[in-house]
Each structure stands twice: as structure tokens, then as C-alpha cells.
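To keep things clear, I will list the structure first and then write my remarks on it.
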Amino acid sequence: MATLPVLPLTDAVLLPGMVIPVTLDPSTQAAVDAARASGDRQLLAVPRIDGEYGPVGVVATIEKTGRLPSGEPAAVIRGLSRARIGSGVPGPGAALWVEATELSEPAPAGRARDLAREYRALMTSVLQQRGAWQVIDAMERMTDLSELADAAGYAPWLSLAQKTELLAAADVTARLELLVGWVREHLAEQEVTEQINTDVREGLEKSQREFLLRQQLAAIRKELGEDEPDGSADYRSRVESADLPEKIREAALREVGKLERASDASPESGWIRTWLDTVLEMPWGVRTADHTDLGAARAVLDADHAGLADVKDRILEYLAVRNRRAERNLGVVGGRGSGAVLALAGPPGVGKTSLGESVARALGRNFVRVSLGGVRDEAEIRGHRRTYVGALPGRIVRALREAGSMNPVILLDEVDKLATGYAGDPAAALLEVLDPAQNHTFRDHYLEVDLDLSDVLFLATANVVESIPGPLLDRMELVTLDGYTEDEKVAIARDHLLPRQLQRAGLTADEVTVADGALARIAGEHTREAGVRQLERALAKILRKVAVALATDPTPVRVDADDLARYLGRPRFTPESAERTAVAGVATGLAVTGAGGDVLFIEATSMPGEPGLTLTGQLGEVMKESAQIALSYLRSNGRRLGLDPNALAGRRIHLHVPAGAVPKDGPSAGITMVTALASLASGRPVRPEFGMTGEVTLSGRVLPIGGVKQKLLAAHRAGLTEVIIPARNEPDLDDLPAEVREALTVHVLADVADVLALALRPAEVDAGTLGGVDAGTLGGQPLSAA
């Protein structure tokens, strides 16, 4: 054990065998002075990291003292051996004296020589990359493994913490294990760094080569008198030769002037080039000539779609007005063309989207479809400001560019599915597009020039009109497609769906035929829908099974109504009104959903308990209020209607509207609820052939409702033969197809008493009990029609 002054090292670590210079400051100067005064010139060099001394230091001797070239005092010290630091002791001078125990070096054993061999190989790779051949020679001459390991203290890529850990490892095997791991990591990092440097160097060389070649190419073209194809001079000639409106030509020439003054390296030049390309791609002066033959246009529409008379008549009216104005040389007035904006509203599968292409064919115009479902960014309609990265014009401008003319038919599909997002309301951006009085000066944010949309025929499609904002719907001419009758479905299936599915299945009309009776049975019993999508899927299923049969037996197949169970299984839809209304308290109503019209059964029952009304079936607030109004009306007018005043007053009434998982709302089930409750109170079931719709008031008036045509089509599909509607809805019957008018007996009534007198069975027909309550107890007297 020796007593030595401590030399703190803050930015270096001394290992045995190393010789390093140490800059002298007050703390290190005191240790050097103390060592020189002691005679043996020895001290203890200890690394100090983050203000703390390590547990192991190195006994070192002072080789030389003097000044660095910069003039700072310094000492050169040589490490001799490792020593463990003991307790501090008093000593001369200002230095810190400690007791140091020299650590003995155990002889190398085990894996030491294998590790040394691997370490030499790894270090040779590192030093070869640096070109340090003299260091490699010196390392090869080292035979002492401890000396070899401690020589790593000179490595500049080892951190102070790593060197301190190397100093603290007393066993040479442990030191070599640490060094092998660190060198491997360093080699991996060097390999990645070298690869990155190589890639960057190659990229720079390629860029410099391309720049040089482009400069040479520009100089050659200049000598030959040829302009750059993408240069500003070329844009100027293209703008001047293009067929552009005067204001747009002026705006384009202004941008060309900016391009000529801008540097090629400026990002603005890229924006201007893209804008000019977009403007020059627009079909500014291109307009297609409309067909003038109304008969040919009607033939095209009839060939593509069965029914839909309202839409076809409106298109022919549009074409007739265009022809008459053209004959009399009447052009546009005040910048406004003779375009139109039609909104086709109806349930899925009735042909709204496919109708747009037929209209374009009938008019002889180009057709573009713009899908708006799920669009929630206002810039999708109006475009982005062109200063944004990746800016594009809006969908309307892109549709005109795609159509190649300024008067196409643009189908705005699913306009009711627009969503309001954080980037604005796209429905609000459509207000100017779809307003015939404003869209002749439509301004896209990207183009920033007036665009005339007044000659475009816009067709918008929607399933639910209520989802379209009021101001937007007000700018469109609403045409309702309420679904098809069974006869129309048979005609569509025979003339359109079956030939298309035959082609898709690889069959011909000679190999398989489907009888009209089978088509009618599919439409009535296997699919119950307003459109024809499920009908087409059923036909596809039949033809797939026929294709399998023809693979083994090539005999032609005829599918009749009796064969449908083999191809489609048992019917999914059967008339259930008679079964559901066989008991008192159940009435059949009519409703409109997003998929068209449908029948709606309303059930009522009573039971002993706390008086009141229980409502189930996911009813909205308006429908709940209708139920309260129906009950209040019957309680207040029961005596006048022939009911016992206490029949509904002292019991718990439960009103249920299945299916319970489907949300329902609206006032049109009012008279159906009144009829169900009156049936419950009187014990007289509702006549099964009756369906009804209408809003009811507390005074018993039947108010008009919407969707009459869809509801009556649904009643016809469900097998009902008599329908009650409000008297003020009688004009809506004019829109009903003739075959449905003939199949249904429609009663137009204005008073609930008349509804009850007509819809309930006579009292003598049905007697008995309902839900354990005697019908006579509830007031089973005949209802008066008063």
C-alpha cells in the first residue's frame, strides 16, 4: 500500500502503459507539485466523471513538465499499474493524498488468447480503414495480452465511460470481451455510415452530371435556334394559339409573364407551369351538338330503362326547348345558358345512377360521373389554393376536363351522403355550382378564373331527400323515383337484367329461358324491394346453378315458377297481414324508409297495473307524441265513438312497433295507432286487407303526409287491397301507376271516426277475449261513423 497524491482526469482516462499529456489547472498542478516534491515523481491518476472519482486509478509517473505550443502549462505522465483507491490521508501541499493498493494482474487463462486473436483481427479491420499501418505493426509486436487490451485507451471512438469500465476490469479476459463487443459495434456503425456516404456521393455525382448535361443541351439548342420544349417561350406560343376566352387568355398571359421573370429554381415556377397546363387542358371552346330528334331520344331512354316516365318527360321537355331556341336563333341571355339541374331521389336499385348515362346518350352529350359519397372537404368541390403542395382543381373542373366539352351531362352521385368535416361544408360549396342563376360565373379556387357551367346538365342522385340541406335542395328540380310495380319489374328483368346476366354467366337465350311467371314469383315472393338489385342477384344465382347443370347435361333448361324452390329455396316473403291482424289490437300501417316504402304493423295490448302508456320499438319523439295523441283522442272521444270511457283509462297500455331494432319516427303512423288502440278497446280486429297512413290530431282530423306513392307501392307489394290515406293527399294519386290504381281500393278520409268505421271488423264477426280481458268489458259496442 502506498500513499500518493491524486491527479483528477476530467476529459481523459489513463490506462497502464499509456503516455498522455495533462493540462495543468490548480487542482492538477497541486498533484504534480506534490509528486515532484516526493522524489519518486509518482501520483495516482483517477478519472473523474460528473464530479465523482472512479474506484480504480492508475499509478503514474511524471515523464516531463513544460508548456504546450499554445502556452498552457502541461505534464506528460505514463501509466504504470492499476491501483484501488483507499481512504484519504493527510499530506504536504494542497493535493489530495490517498492510500492506494496496487492490483495484481492475474495470468491470462481460458478464452483470453482466443479473444486476443479475434480482437487483433477486428482492430486490424478498423485501422486499415483509417490507413494506420504503423499502429497495426505496433499492435502485432505486442505479446503481453494485458498491454494489448490497455492499448485500446488510445482509441478515439471509445467513450470516457467505456474507457473507465475498461480500467475497472481487473481481469484481462473481461477486458478483451468488452473490447471485442465494442469493436464489433463500431464496425457495424462504420459500415452503415460508409454506405450512406457512398449513396450521398453517388447522388451528388449524378445530380452534377445531369446538371452539366442539361446545361450543355441548352447551349446546343440555343446554338441551333431551338427553344426549350417546356420553356416559357413555348407556353407563350401555346397560350396564344389556344382557343381560350378573352379573360382567360389575359390571365394565362399574365402567368406566362411571371414564369418568364421567375427563376427555374423558384418553387413558384413549378406552380405556374402546373396551372398553365391545367388551363390549356380545359375544353374552353368545345361544345357538343345536342340531338334534335325527340323520337330518337325517347327511343334511347325507353330502351335503357323501363318506367321512369317523369324523368323521361323532363329530359324531352329540356330537349324540345333547346331545339326551339336554336330554330329561332335565340342564344344565351345575360351569360346564362339553358342547362338544368335535376335531383333524382328514390330508394336504392331503381336506376338513378344508370339513368345519367342514358340521358347523355339521348342528348348526344359526353357523360361524367362524380361520386360525392363521403366527401367532407370543401376543396374537393372548389379546389385548393394553388400555393399548397399538391394542389388540384375541384371535382367540377376535373369533370369538365375529363368530359372534353363544356356542356356535358355531369352526374353528382349520392349528393345526400356529403359530410361536414373540419375543412368546411362541401354541400355549401355546391350552392353556386347548382344554381342556374349563378353558375355561369363559377370560380374554382385553383383556376381563379370565371367558369361557365350554365350549359351543363347536372343530375344529382339521392336516397333520402331529408338529408340534403334545404338551400341546396331548393336549387334543384326534384324528380322522385318511387320504385317499380311488379309488372314493371318483370319487364325490366326480361328485357334488361336477364340478357345481362346471361352474358355474365356465359349462357345464351337458347340454352336457358326464364318464364314470366317465374320472374313475377321472384319479384313478389323472393325479393320485396323498391328497386331491382335483389331481383338481379336472384337471376344471377339461378343462372349459376343452370351453368352447373349444363356442364353435365347439355339439354336446354326452362325455369318455371314451380322450379324456383330448387334454385332459390323457399319464398322469403309471404302475405302476413291476415295473420298479424287476426287478433284485436294490431293494425297495418305504411311507412317510407331509405330503401323505399314498407308496411308497418302496430301492436297494442292492455294489462292490469298502474295506468299509463308504455312505448317500445325505438320510436322517435314525434312518433311517441303520435301515440300519446292517439290515446288521448280515444279517451276523450270514446263515448262518441261508442267505446266505454273507462276502457282505456284504468289499465296499463303497451304499444309496440316491430321490428324493435329499427329506429322509427314521423307522424304518419297516427291513424294506425288510433286504429290499433280502438281495436284493443273494442275487441274488434282490424280488417286484414287494410293498410293506412296519416297524421292524427287531438280533434280527430287526419292530416296529410309525404311519400304516398312509395307507401301505396309497398302496400301493393305486401298484398294489401285497400288503403286509407288523408283526404288532402288525394292529388298524389295522380302519380300512381295505372296497374296499382286498379289493384288497390284507396279511401281518402279526413276524420278518424270514418277510419275506424271502415277499418274495424263488425262487432258481431269477432267476439271473445284479448289478453285475458273480456272484449265486452272494454266496450265492445259498434263504433259509430259520426
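Just so you know, we're using the working numbering here: the sequence shown kicks off at 1026 and counts up by one. For each residue, glycine too, the CB sits at the ideal point set by N, CA and C. As the structure is a prediction and not an experimental result, all values here were calculated from the model.
- In the three-state DSSP reduction, S1479 falls in the coil class, being neither helix nor strand.
- Between R1103 and L1128 a beta carbon distance of about 17 Å is seen, past the 8 Å cut, so the two are scored as non-contacting.
- The count of Cβ pairs closer than 8 Å, one atom from the region 1717–1731 and one from the region 1689–1699, reaches three, so the stretches are in contact.
- With contacts defined as CB atoms closer than 7 Å, L1476 and F1467 qualify as a contacting pair.
- As the crow flies, the alpha-carbon of E1124 is around 37 Å from that of E1165.
- Taken through DSSP and simplified to helix, strand or coil, H1470 comes out as coil.
- Distance check between N1488 and each of G1371, A1424 and P1729 places G1371 closest, using alpha-carbon atoms only.
- Counting only unbroken stretches of 4 or more residues, no alpha helix (DSSP H) element lies wholly within the region 1274–1298.
- Distance check between L1625 and each of H1316, F1715 and R1109 places F1715 closest, using alpha-carbon atoms only.
- Classified as buried, A1276 has 16 or more neighbouring CB atoms from the shown chains inside 10 Å of its CB.
- One Cα belongs to L1455, the other to Q1233, and the distance between them is close to 49 Å.
- Rounded to the nearest whole angstrom, the C-alpha separation of E1130 and A1037 is 23 Å.
- By the Cβ neighbour-count rule, V1537 is buried, with 16 or more other Cβ atoms within 10 Å of its own.
- Per the Cβ contact rule, the region 1518–1536 is not in contact with the region 1345–1357 (fewer than 3 Cβ pairs under 8 Å).
- Within its own chain, no residue has a Cβ closer than 6 Å to the Cβ of E1271 once the five positions on either side in sequence are excluded.
- When the beta-carbon positions are compared, L1369 and V1504 come within less than 7 Å of each other.
- Counting along the chain, the unbroken beta strand (DSSP E) around A1125 starts and ends at W1122 to E1127.
- The region 1587–1598 makes no contact with the region 1646–1657; the number of CB pairs closer than 8 Å stays below 3.
- When the alpha-carbon of V1434 is set against those of T1299, A1314, E1511 and T1577, the nearest one is in A1314.
- By the Cβ neighbour-count rule, E1306 is exposed, with fewer than 16 other Cβ atoms within 10 Å of its own.
- In terms of Cβ geometry, A1782 and S1704 do not form a close pair [threshold 7 Å].
- Taking a contact to require three or more Cβ pairs closer than 8 Å, the region 1751–1768 and the region 1496–1503 do not qualify as touching.
- Per DSSP, T1538 is one residue of the beta strand (DSSP E) stretching across V1537 to V1539.
- The three-state secondary structure of I1493, taken from DSSP, is coil.
- Take the alpha-carbon of E1439 and the one of E1403: they are about 16 Å apart.
- Boundaries of the alpha helix (DSSP H) around H1741: V1733 to R1742.
- Only buried fits F1392, as 16 or more other CB atoms lie within 10 angstroms of its CB.
- Boundaries of the alpha helix (DSSP H) harbouring L1702: G1695 to S1707, taken from the DSSP string.
- Within the same chain, Cβ atoms closer than 7 Å to the Cβ of G1042 are found at G1104, E1172, D1175 and A1176, the five residues on either side in sequence being excluded.
- In the displayed model, D1623 falls within a strand according to three-state DSSP.
- When rounded, the separation of the alpha-carbon atoms in A1453 and V1617 is 27 Å.
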